[in-house]
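Following my numbering, the residues of the sequence shown are numbered contiguously, the last one being 469. What follows is a single structure, written as structure tokens, with notes after it.
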Amino acid sequence: MQRVKRRIACPTCGDDVTTPVPDEDVEPKPRPYRAAYGEYTTLECSNDHTVWVYFC
Ligand SMILES: [Zn+2]
């Protein structure tokens, strides 16, 4: 099974960040803060911003 990755933009600086996604039909939504609920993963962009990525 192939692992799917997407490129998204850091919501703070717009830098490209690569995120794994659970399914290729899922659209990752980057946020600069943590939401109260939802499936997410956290990443760091090259400028040390934390990016919370939610899958809808
Ligand atoms: Zn950034």
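Ideal Cβ positions, reconstructed from N, Cα and C, are used throughout, including at glycine.
Would you say residue i touches ligand 1, meaning its beta carbon is less than 8 angstroms from a heavy atom?
i: aspartate 428; result: yes
i: valine 466; result: no
Is it buried or exposed for residue i, if we count other Cβ within 10 angstroms and need 16 for buried?
i: proline 445; result: exposed
i: proline 441; result: buried
i: cysteine 469; result: exposed
Does any CB atom of chain D fall closer than 9 angstroms to the CB of residue i?
i: threonine 432; result: Protein chain content of the structure displayed is limited to a single chain, and chain D is not contained in it.
Sequence ranges, beta strand (DSSP E) only - wholly within the segment 414 to 463, length at least 3: Correct list: 417 to 422, 429 to 434, 441 to 444, 453 to 457.
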